[in-house]
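Trainee: Questions regarding the structure given below will be posed in turn.
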Amino acid sequence: MEISVIENNGVELCFDGYSLFQDNNIIQELQKTYLSIIKYGFYIFDSIGISFSGFEEKEGQRTITVYSPHYWDAVIK
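Residue numbers (the working numbering): 156 to 232.
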């Protein structure tokens with residue numbers, strides 16, 4: 156199962172004490188603790204089941220996808 160969320164004032168998405176939409180440099184902060192890979196235009200944190208897209212060019216259009224941890228194992232290895 157996969158759920159994609161686009162930034163919206165009425166939606167707050169949090170993980171490990173971080174607000175995934177509001178915290179600046181969220182990708183860099185998560186990379187301090189979790190392994191990530193950039194593939195298919197996504198920053199993928201497969202071990203925790205979160206990916207980011209549309210993040211660098213237009214932050215207002217960023218999308219966060221939440222899925223089962225290790226869902227992309229076969230694709231990214």
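No residue lacks a Cβ here, since even glycine has one placed at the ideal position from N, Cα and C.
Identify every residue that forms a DSSP beta bridge with Ile158.
Mentor: Paired residues: Val221.
Trainee: Would you call Ser223 buried or exposed, if buried means 16 or more other Cβ atoms sit within 10 Å of its Cβ?
Mentor: So Ser223 ends up on the exposed side.
Trainee: Which residue wins for smallest C-alpha separation from Glu167, given the options Glu184, Ile219, Tyr226?
Mentor: Ranking the options by Cα distance to Glu167, first place goes to Ile219.
Trainee: Alpha carbon to alpha carbon, how far is Leu175 from Ile193?
Mentor: For Leu175 and Ile193, the distance between alpha carbons rounds to 17 Å.
Trainee: Comparing C-alpha positions only, which one of Leu185, Tyr226, Val221, Asp228 sits nearest to Gly172?
Mentor: The shortest Cα separation from Gly172 among Leu185, Tyr226, Val221, Asp228 belongs to Leu185.
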